[in-house]
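Numbering (my numbering), first residue to last: 1 to 980. Backbone N, C-alpha and C define an ideal beta-carbon position, used for all residues, glycine too. Remember, predicted model here, so these are calculated numbers, not experimental data. Reading through the structure tokens given below for one structure.
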């Protein structure tokens with residue numbers, strides 16, 4: 001009885017004081033109950049107490065020095081603490097820091113903190129220098145926090161017992177402190193930064209290093225990860241790595257590494273312990289192959305994607321890496337085929353050779369790999385190698401193959417039905433080839449694990465009630481013709497897809513209602529370029545996807561749910577109703593919005609301040625009216641803005657000057673009525689295309705437009721603009737230079753697709769009047785350089801400065817009230833393909849320099865007051881008479897009217913254009929020429945005839961000269977045999 005009471009009391013004490021050790025205590029007490037002799041009571045409980053004291057020794061309390069250091073660390077951090085720091089406190093029950101979350105103490109009775117794990121705790125602020133008091137710390141993990149690009153503290157180098165240091169993805173910046181070289185016990189170091197979801201250049205304040213002189217001190221290092229650290233200035237990075245004899249994992253991804261300097265010393269000292277090497281996305285050249293080849297036979301993982309191996313071939317020595325399981329040479333512009341030595345890679349699981357310039361027959365690649373890797377190979381990527389040709393062979397021998405990625409090559413023939421027997425396949429990407437034939441259910445008969453399918457330009461022949469054995473996540477069937485042309489019902493069975501592309505599939509059908517009950521995880525959908533009918537149903541969107549429904553026959557109002565998309569293209573449909581659906585979403589994620597060529601009507605809503613991420617907006621070819629909303633000035637990211645062919649009225653809101661990134665601004669074919677704003681030139685420095693045609697703009701062209709130094713296309717035609725053409729147009733720098741770097745004008749932008757940020761791009765297009773015909777230009781828009789000021793009320797002369805724009809391809813000044821003469825230096829415009837000066841009041845002669853423009857293909861000088869003879873030239877005579885008609889004083893081919901002897905018009909001198917250096921010579925010139933010859937001839941001949949001494953001296957000179965010349969010739973002739 002007493003035993004039992006004491007036992008109960010002791011149990012309560014242990015449960016209260018030592019809760020963590022209570023299960024073990026219960027076990028001991030169970031043993032005690034089995035002891036029958038009460039005489040052993042004291043001995044038994046003495047043993048229990050000793051055991052409990054031993055077990056609870058760490059709980060006596062952590063070192064006060066360590067506890068104060070941890071509290072100082074917490075105090076320096078601001079914002080919402082992670083769950084682990086909530087347990088850190090000064091209260092009596094929280095004094096034992098060894099029981100704090102993320103804190104681990106040594107197993108002996110000292111209570112020293114040896115491990116601090118604060119990974120992903122949303123920490124911000126400053127790391128306290130008191131951290132250095134944790135002198136027994138061996139493990140420090142501060143990864144996945146946000147320290148605001150602050151510098152890595154130098155004092156971390158004083159934690160001399162550190163074995164493990166992880167500061168990855170914690171937004172540290174600045175230069176790596178050399179004090180890290182003091183951590184001589186370090187085995188694991190990770191300073192990588194920038195989330196893998198972030199794409200683009202390294203931030204200016206990212207982690208960087210001038211040298212790695214501190215690295216060789218870490219001779220025990222096993223794992224090194226400096227991904228996204230700027231090492232562009234570290235020339236001797238390879239030498240530093242070679243001095244780490246125990247290193248197994250080397251990860252220097254996206255470090256801007258310069259090409260290494262390879263020497264015999266670096267090859268001899270190279271670490272042979274390396275197992276995992278990732279040097280992807282750097283500036284390495286083929287010299288790195290020399291370091292890798294034959295020295296790292298233990299390599300299991302090798303990633304060299306996106307480096308600079310242009311024109312090189314894949315080293316045969318890679319085939320000697322017998323342990324290699326993963327090899328990526330993606331996007332390096334390598335040439336040639338696969339080395340025969342790859343037949344020895346018997347452990348190869350992943351081979352990624354995509355985006356190169358490899359060539360050869362696909363069957364040769366397969367044959368080489370099948371000799372040894374047919375049982376191990378799980379992933380084969382040869383995508384975007386345009387010179388790999390041949391048919392798709394039977395791959396059923398590759399029994400482990402999961403990913404087959406051969407898209408965008410030059411493959412031909414049919415896809416063998418045997419592919420349907422490869423039951424482990426998860427990814428098939430064969431699109432972008434020249435494959436042909438029919439795809440049937442047999443091709444997928446056993447592909448129950450298939451999740452990624454990409455085909456193109458094939459015919460899909462599935463039965464109406466076919467139920468596929470797979471659940472696809474990614475469906476890319478662009479240009480695959482559905483048979484019959486009805487909507488594919490088998491899509492109804494797919495519940496998990498995030499990517500759907502059935503564009504240009506020949507579908508001519510009403511979209512069934514079940515289709516809009518889409519996968520809520522949808523990221524990309526493209527059903528464009530079909531003839532789908534119907535309305536858009538109720539879509540449930542969990543993420544902000546990319547939706548392309550363009551070029552169909554969809555109708556009805558646009559559902560407001562679509563405003564939640566990040567990319568939305570509804571162009572070339574029959575959608576109607578107002579654009580107010582856009583206002584349903586605040587703080588929109590839209591980056592791309594195209595509603596062009598629909599029946600959207602009404603006034604634009606004034607909620608554009610919600611679209612700060614919008615880069616592209618096209619509302620052209622609709623029935624919108626009213627004034628342009630002032631809130632469009634909040635489109636701070638906008639680069640392309642098309643509002644053309646609507647019924648907008650009034651002035652341009654001055655708030656648009658805040659859209660400083662604007663590159664294309666098209667307001668053509670509206671009823672806007674105001675003077676051209678000066679801020680167009682003063683505040684929009686990035687404009688490359690400005691189209692204001694077909695409005696009612698008035699007054700003169702502001703001189704500020706001359707500040708548009710990047711403009712390619714300036715179209716102010718069909719307005720009421722008056723005044724003179726500004727002479728400062730020669731400040732348009734792009735137009736003043738010949739050629740262009742690209743045929744297209746392309747923009748890239750960041751957008752959010754689901755949880756991933758990615759870079760997308762689009763090509764600009766514009767409707768332009770060229771050679772009298774209005775057409776759309778896209779694929780060659782970058783080559784088009786145009787000034788079109790036609791159909792206005794411009795007066796004065798054509799400024800001679802316009803001839804400095806030597807890059808101009810088209811110049812249209814027709815249908816104005818211009819006077820004066822054609823600039824004599826018009827021939828400087830050697831790139832000119834189209835010139836229209838018709839229907840003005842231009843007089844004088846056509847400059848001869850115009851005939852020297854070899855490329856000119858369209859010329860219209862009609863309906864002016866030009867006179868004189870049309871200059872002779874290959875090009876000018878190739879145009880019809882209509883190009884010169886309406887100029888009664890013109891003569892010469894191709895006109896029927898011939899020119900008289902002096903080629904003069906009434907009231908003209910022969911030299912009309914005084915600045916034309918190639919003009920006709922006057923009669924006075926010939927008279928002067930005759931007089932000059934007579935005076936010169938008789939001045940010499942008359943002197944010899946009438947002056948005896950001069951005559952004697954003259955003939956004596958010629959006699960002496962002939963004698964001297966004869967002697968010289970004889971001497972030379974006599975020496976010639978001796979020379980031989």
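First through last residue of the beta strand (DSSP E) which encompasses residue i
i, result
"residue 366", "First-last for residue 366: 362-370, but that is the alpha helix (DSSP H), not the beta strand (DSSP E)."
"residue 483", "481-483"
"residue 774", "773-777"
"residue 612", "From DSSP, residue 612 is part of no beta strand (DSSP E); its letter is neither H nor E."
"residue 255", "Looking at the DSSP string, residue 255 is not in any beta strand (DSSP E), and its letter there is neither H nor E."
"residue 476", "474-476"
"residue 548", "546-548"
"residue 326", "326-328"
"residue 459", "459-461"
"residue 737", "Segment: none, residue 737 is in no beta strand (DSSP E) and carries neither H nor E."
"residue 276", "276-278"
Start and end residues, alpha helix (DSSP H) containing residue i
i, result
"residue 238", "237-242"
"residue 770", "Residue 770 -> not in any alpha helix (DSSP H); beta strand (DSSP E) instead, spanning 766-770."
"residue 288", "287-292"
"residue 75", "64-76"
"residue 679", "679-682"
Proximal residues to residue i (C-beta, below 6 Å), its chain only, five neighbours per side dropped
i, result
"residue 699", "675"
"residue 625", "647"
"residue 805", "735, 736"
"residue 921", "For residue 921, the predicted structure reports a pLDDT of 46, less than 50, and the residue's modelled location is therefore unreliable. A value from the coordinates is still provided. None."
"residue 677", "652"
"residue 569", "548, 550, 594"
"residue 403", "379, 427"
Residues bridged to residue i (per DSSP)
i, result
"residue 625", "603, 647"
"residue 751", "758"
"residue 150", "172"
"residue 703", "Paired residues: none, contrary to the question."
"residue 689", "664, 713"
"residue 640", "616, 664"
"residue 453", "428, 475"
"residue 567", "546, 592"
Contacting residues, own chain, Cβ-Cβ under 8 Å from residue i (five flanking each side not counted)
i, result
"residue 667", "643, 644, 648, 652, 691, 692, 695"
"residue 498", "473, 474, 519, 521, 522, 523, 524, 754"
"residue 146", "122, 123, 124, 170, 171"
"residue 213", "178, 181, 240"
Sequence-distant residues of its chain with Cβ nearer than 7 Å to residue i (five each side left out)
i, result
"residue 962", "none"
"residue 12", "Residue confidence for residue 12 is low, a pLDDT of 40 falling below 50, so the modelled location carries little weight; the figure read from the coordinates is stated next. Nothing listed; no residue qualifies."
"residue 373", "345, 346, 348"
"residue 875", "851, 853, 854, 856"
"residue 908", "Interpretation of residue 908 is limited by its pLDDT of 38, a score under 50 that renders its predicted location unreliable; the figure taken from the coordinates is listed afterwards. 867."
"residue 537", "513, 516"
Local Cβ density within 10 Å of residue i, reported as buried at 16 or more and exposed below that
i, result
"residue 239", "buried"
"residue 255", "buried"
"residue 936", "exposed"
"residue 841", "exposed"
"residue 973", "exposed"
"residue 103", "buried"
"residue 689", "buried"
"residue 623", "exposed"
"residue 283", "exposed"
"residue 208", "buried"
"residue 845", "buried"
"residue 326", "buried"
>> With three or more beta-carbon pairs closer than 8 Å as the criterion, would you say the stretch 182-190 touches the stretch 209-221?
In response: Short answer: they touch.
>> Does the stretch 768-778 come into contact with the stretch 699-708, if we say contact requires no fewer than three beta-carbon pairs (one atom in each stretch) closer than 8 Å?
In response: In short, these stretches do not touch, since the Cβ pair count stays below three.
> Is there contact between the stretch 147-159 and the stretch 92-103, where contact requires at least three CB pairs shorter than 8 Å?
Replying inline: With the cut-off at 8 Å, the stretch 147-159 and the stretch 92-103 do not touch.
> Within the chosen definition, does the stretch 709-724 reach the stretch 550-569 through at least 3 CB pairs nearer than 8 Å?
Replying inline: Here the stretch 709-724 makes no contact with the stretch 550-569; the two share fewer than three CB pairs at distances below 8 Å.
> Should the stretch 816-835 be called in touch with the stretch 749-766, which here means at least 3 C-beta pairs below 8 Å?
Replying inline: In this structure the stretch 816-835 does not lie against the stretch 749-766, because fewer than three pairs of beta carbons, one per stretch, are closer than 8 Å.
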